[in-house]
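So the sequence shown is numbered by UniProt numbering: it starts at 4 and just counts up by one. Using N, Cα and C, we set each Cβ at its ideal position, and we do this for glycine too. A short write-up of the structure that comes next.
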Amino acid sequence: DPHAPLLQVRGLTARYGHVRALEATDLTVDRGELVAILGPNGAGKSTLLRAILGLVANTGEVRSEGVVLPRADPVAVASAGIVLVPEGRGIFGPMTVAENLRLGAYRVRDRREVERRLARTFELFPRLSERLGQTAGSMSGGEQQMVAIGRALMADPKVLLLDEPSLGLAPRVTAEILETLRRLNQSGLSVVLVEQKAPLALELAVRVHLLSLGRTVAVISPDQVKSHDELARYYFA
Ligand code: ATP
């Protein structure tokens, strides 16, 4: 169903062994939307993204364009266009920038299509095109995040899931990464953004999900977060 949301999560529950990290969570992302997930340490933000991919034991329903996605098959979920940039970036340090990027399109047989995607990635991150032969592990933190996002884009995602892309980055570098996300989103890409640095996430988001102790405590507009005294104190202190 092309009119159904690109990503629709219903009653998603996840656990690590006996630890329940996510309780009956709902999330809907329509075409071109950027949705932010906020919440304190341990709230279950990373678990939500990992459960959508099927990287952690979970129950519930995840649909893309109305089609139910398997709950324990991350490759199938990625093939459906739901692509994760994990916390810590998950790039391969000893491999070159070019090798890391091409990995994102490993399923694409058409070489010209791979080259088209590379060109698009370099348009967004010109610096990567100057560092193709450099090992990814020797790049700066910000550049490594660009490699991680670039590799995800090589898969031509419908929905990009990002787990704290600003983690460990200087404010200026964070701003640069988020500006790139804004451009991607404006060009039509749907995004789910997990961020601790709430003010930056709020500038981009159409909706904010607040998680606490594995539960969704609120789904609100960015303005509501800013005008809500308690939340504002919590997230902007
Ligand atoms: P942070 O910002 O600190 O990463 P988060 O909101 O992303 O926090 P999660 O990482 O999703 O939170 O963790 C949710 C809960 O699940 C926490 O109580 C955490 O201790 C637990 N947890 C996460 N990963 C594991 C794991 N591999 N094994 C056991 N428990 C885990």
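From the listed residues 90, 71 and 121, the smallest Cα separation to residue 53 is found for 90. Taking a 10 Å sphere around the C-beta of residue 80, we find 16 or more other C-beta atoms and assign the residue as buried.
Fewer than three pairs of CB atoms, one per stretch, sit closer than 8 Å, so the stretch 17-25 makes no contact with the stretch 196-210. In the DSSP annotation of this structure, the continuous segment of the alpha helix (DSSP H) that includes residue 120 starts and ends at 114-127. Within 6 Å of the C-beta of residue 200 there is not a single heavy atom belonging to ligand 1.
Taken atom to atom, the span from the alpha-carbon of residue 184 to that of residue 84 is near 17 Å. Straight through space, the alpha carbons of residue 92 and residue 145 are spaced by roughly 10 Å.
With fewer than three CB-CB distances shorter than 8 Å, the stretch 98-107 does not count as touching the stretch 35-54. DSSP, reduced to helix, strand and coil, places residue 166 within a strand of the structure shown. Taken from the Cβ of residue 22, at least one heavy atom of ligand 1 lies inside 6 Å.
Counting along the chain, residue 30 sits inside the beta strand (DSSP E) bounded by residues 22-32.
Of all alpha-carbon atoms in 69, 67, 50 and 66, the one lying nearest the alpha-carbon of residue 60 is that of 50. Remark: C-beta atoms of residue 96 and residue 63 do not approach each other more closely than 7 Å.
Where residue 94 is concerned, there is no enclosing alpha helix (DSSP H), because DSSP gives it neither an H nor an E. With 16 or more neighbouring CB atoms inside 10 Å of its own CB, residue 148 falls in the buried class. Boundaries around residue 49 are those of the alpha helix (DSSP H), 48-56, since no beta strand (DSSP E) includes it.
Residue 34 and residue 99 have their alpha carbons spaced roughly 33 Å apart.
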